[in-house]
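For reference, the structure is listed below as structure tokens.
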């Protein structure tokens, strides 16, 4: 039995002697196939996009009292590892990381990003040393409230950037509901984020930000 694998990935074969089966394992190295070029147009467009995103998160964080997090948000996107990928795969209507995943099977930019930015739930995942039958080998850790708030601001900003004039306050909730992120979050983290997104959708940004400032920005 062979597992389905992303295309254009270097791989090696490992024999499973117990069952005589082969499983494809990825070396983590992209194929030698030529990647999209770095163009001046994409450079300027990507720089504009991530700067606009960062400024929106900064504005949101400052409104709720998270001044330091607003300043430091997503600085790793300006590092060569992440920025060059963003330029190569810039499309303007979604994250370049997804385009890179489609191209080589995974995102080098995302692997660099998620371990440096605590507002991503993927940062808060560890492996399970107390594994019992039926449990996952990895465990989500409950995120501190201030990082859930930054994640909220991140999702609002991303929706505003990619949707433009079509943005409405229920857009981040719809995006969250359409994805599978909640399956990989700590249950309390997922519940809090969904609560805030629903509040945003039903009561608007001013009400939600005032609530966050009172209850969570510590």
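Numbering (our numbering), first residue to last: 22 to 239. C-beta atoms are modelled at their ideal positions from N, C-alpha and C, and glycine is treated no differently. Fair warning: this is a prediction, and the values are worked out from it, not measured in the lab.
Contacts around residue 71, its chain only, beta-carbon distance under 6 Å, and the 5 residues preceding and following it disregarded = Here residue 71 refers to the residue found at position 50 of the chain shown. Closer than 6 Å at Cβ, skipping near neighbours: 98.
Note down the Cα distance separating residue 121 from residue 178, rounded to an integer number of angstroms.
-> As a first step, residue 121 must be located in the chain shown, where it is residue number 100. As a first step, residue 178 must be located in the chain shown, where it is residue number 157. Distance between the alpha carbons of residue 121 and residue 178: 21 Å.
Mind reading off the beta-carbon distance from residue 66 to residue 113? Whole number of angstroms is fine, and I expect it under 8 Å.
-> Along the chain shown, read from residue 1 onward, the residue named residue 66 stands at position 45. Along the chain shown, read from residue 1 onward, the residue named residue 113 stands at position 92. Indeed they touch by this definition, with Cβ atoms about 6 Å apart.
Any idea which residues DSSP pairs residue 240 with across the strands?
-> Residue 240 cannot be examined here, being either before or after the span of the chain that is shown, 22 to 239.
Given residue 233, which residues of its chain have a CB within under 6 Å of its CB, disregarding the five upstream and five downstream residues?
-> On the chain shown, position 212 is the one that residue 233 refers to. Cβ within range, chain order: 85, 170.
Find out if the Cβ-Cβ distance for the pair residue 103, residue 134 is shorter than 8 Å.
-> For the purposes of this step, residue 103 is identified with residue 82 of the chain shown, where counting begins at 1. For the purposes of this step, residue 134 is identified with residue 113 of the chain shown, where counting begins at 1. For residue 103 and residue 134, yes; Cβs fall inside 8 Å.
Does DSSP put residue 37 in a helix, in a strand, or in coil?
-> The residue you call residue 37 lines up with position 16 of the chain shown. Reliability fails at residue 37, whose pLDDT of 35 lies under 50, so the model's placement of it is uncertain and no value is given.
Could you give the distance in angstroms between the alpha-carbon of residue 216 and the alpha-carbon of residue 146?
-> For the purposes of this step, residue 216 is taken as residue 195 along the chain shown, with counting starting at 1. For the purposes of this step, residue 146 is taken as residue 125 along the chain shown, with counting starting at 1. Approximately 21 Å, taken between the alpha carbons.
In the DSSP assignment, what are the bridge partners of residue 148?
-> Locating residue 148 in the chain shown gives position 127, counting from the first residue. 159, per the DSSP bridge assignment.
Close-in-space but distant-in-sequence residues of the same chain around residue 106 (CB under 8 Å, 5 per side omitted) = Your numbering for residue 106 matches position 85 in the chain shown. Only 117, 118, 121, 128, 129, 130 meet the Cβ criterion.
Cβ-Cβ distance between residue 210 and residue 163 below 8 Å | Looking up residue 210 in the chain shown gives position 189. Looking up residue 163 in the chain shown gives position 142. Yes, these two residues count as a Cβ contact at 8 Å.
For the alpha helix (DSSP H) containing residue 181, list its first residue and its last residue.
-> Taking the first residue of the chain shown as position 1, residue 181 is located at position 160. Element bounds for residue 181: 166 to 184.
Would residue 135 count as contacting chain C if we go by Cβ distances under 8 Å?
-> Annotation note: the requested chain C is absent from the structure, which comprises a single protein chain.
Considering only the beta carbon of each residue, do residue 115 and residue 183 sit closer than 8 Å?
-> The residue labelled residue 115 in the question sits at position 94 within the chain shown. The residue labelled residue 183 in the question sits at position 162 within the chain shown. Cβ distance < 8 Å, so residue 115 and residue 183 count as in contact.
Just tell me which of 208, 214, 206 has its CA closest to the CA of residue 195.
-> As a position in the chain shown, residue 195 is number 174, starting the count at 1. Comparing Cα positions, the closest option is 214.
Integer Cβ distance of residue 197 from residue 176, believed to fall under 8 Å = By one-based count along the chain shown, residue 197 stands at place 176. By one-based count along the chain shown, residue 176 stands at place 155. Yes, residue 197 and residue 176 are in contact; Cβ-Cβ is about 7 Å, under 8 Å.
Environment of residue 101 [buried if 16+ CB atoms lie within 10 Å] = Along the chain shown, one-based indexing puts residue 101 at 80. The residue is exposed, with fewer than 16 neighbouring Cβ atoms inside 10 Å.
Member of 237, 202, 63, 77 whose CA lies at the smallest distance from the CA of residue 141 | Along the chain shown, one-based indexing puts residue 141 at 120. If we check each option's Cα against that of residue 141, 202 comes out closest.
Leaving out five residues on either side along the sequence, give the residues of the same chain with a beta carbon under 7 Å from the beta carbon of residue 158.
-> Within the chain shown, residue 158 is the residue found at index 137, counting from 1. Counting only Cβ-Cβ distances below 7 Å, and skipping sequence neighbours, we find 148, 149, 152.
How would you label residue 168, buried or exposed, when you count the other beta carbons within 10 angstroms and need 16 or more for buried?
-> One-based indexing of the chain shown puts residue 168 at position 147. Its Cβ being crowded by 16 or more others within 10 Å, residue 168 is buried.
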